[in-house]
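Take a look at the structure below.
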Amino acid sequence: MKYKMVAVDMDGTLLDSQKKIAPATVSAIKRVIAKGVLFVIATGRSVRGVAKYQKILELPGPIITYNGALIMRGDTGEVLFERGLKPEDARRIFALGRQYDTTMCIWAGNRLYGNRLDERIAKYQELAGMEAILLTDIEEALAAGVTKILWYDEPPQIARFERELSEDMFDEVTFCTSQPTFLELFNSQVSKGAAIAQIGRLYGIDREEMIAVGDGLNDQSMLEYAGLGVAMANAHPQLKACAQYIADTNDNEGVRQLLEKFILA
């Protein structure tokens with residue numbers, strides 16, 4: 000099969016444990032792009048959280064951010080697709096987060112808000128590359144449109160939240176973990192799988208011509224959609240179970256090895 004597109008998650012997949020991309024991986028990605036293959040970052044991160052990596056890789060095509068809630072062009076910044084939370088759903092998520100007494104990272108209008116400015120928010124700011132604004136009333140964020148809300152807590156708490164929440168509690172919300180400490184809540188019509196399908200329609204690429212690579216449960220929809228679904232060796236066991244191929248770990252340049260095997264060979 001001649002693949003025309005590769006969609007790759009960032010944290011735990013493309014990035015190593017130090018949040019870096021190895022020079023040999025950067026070189027491989029640029030060779031993939033030079034061959035005319037669409038290389039797409041697919042992440043739960045914000046536009047700001049992707050920016051420095053986009054510059055390193057010089058990505059000209061689409062970039063999937065916020066787990067698929069916003070797709071933009073890497074070269075021009077043009078928004079190709081956007082869908083946030085319904086206001087009533089955002090209000091419900093915010094109220095529940097307060098009841099659970101968890102730290103909430105709220106993305107609205109490409110700005111980061113926090114229900115409190117604690118140690119977890121400080122850590123998340125580093126990941127996001129943006130300073131958080133204290134938010135006491137969700138209505139302030141709703142004015143800009145809430146893209147997604149992330150609950151940040153200890154892994155046992157996140158697991159409990161996931162067990163106790165139900166999509167029936169909302170109108171149009173889905174949720175999943177992206178890291179053991181992160182539970183992400185976003186519009187149910189949004190996913191990485193739906194995002195790569197949208198890109199396929201825009202660029203005339205069939206699902207059989209796509210490779211999708213990830214390590215977390217928020218990557219499952221795109222692994223199931225793509226012609227070749229790839230899980231990292233360090234991936235969640237559930238993701239490995241649905242993958243057709245297991246790549247090496249993110250710290251052993253698994254993405255580079257994958258590209259060399261399926262695209263550059």
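Mapping the sequence shown onto numbering that gives the first Met the number 0, position 78 (from 1) lands on 77, and the numbers just tick up by one.
Backbone N, C-alpha and C fix where the C-beta goes; we use that ideal spot for every residue, glycine too.
Item                                                                                                                                                                           : Value
Could you check whether the Cβ of residue 55 sits closer than 8 Å to any heavy atom belonging to the ligand SAM?                                                               : Looking at this structure, you won't find the ligand SAM or any other ligand, since it has none at all.
Thinking C-beta only, is residue 210 closer than 9 Å to residue 279?                                                                                                           : Beyond the ends of the chain as shown, which are 0 and 264, falls residue 279; an answer cannot be given.
Excluding the five sequence neighbours on either side, which residues of its own chain have a C-beta within less than 8 Å of the C-beta of residue 131, listed in chain order? : 104, 111, 112, 113, 116, 120, 123, 124
For residue 110, does the three-state DSSP call read helix, strand or coil?                                                                                                    : strand
Which residues mark the beginning and the end of the beta strand (DSSP E) in which residue 71 is found?                                                                        : 69-72
Can you tell which of 27, 33, 171, 193 has the C-alpha that lies nearest to the C-alpha of residue 89?                                                                         : 171
What does a CB cutoff of less than 7 Å around residue 74 pick up in its chain, not counting 5 residues either side in sequence?                                                : 59
Going by DSSP, what residue range makes up the beta strand (DSSP E) through residue 191?                                                                                       : Not the beta strand (DSSP E): residue 191 falls in the alpha helix (DSSP H), residues 191-202.
Please report the residue range of the beta strand (DSSP E) in which residue 147 lies.                                                                                         : 145-151
Where does the unbroken alpha helix (DSSP H) through residue 48 begin, and where does it stop?                                                                                 : 46-56
Closest by CA to residue 253, which one among 152, 231, 160?                                                                                                                   : 231
With distances taken Cα to Cα, identify the nearest neighbour of residue 236 among 189, 215, 223.                                                                              : 215
In the DSSP assignment, the beta strand (DSSP E) including residue 209 goes from what residue to what residue?                                                                 : 209-213
Rounded to whole angstroms, what's the CA-CA distance from residue 86 to residue 156? Just pull it up for me.                                                                  : 26 Å
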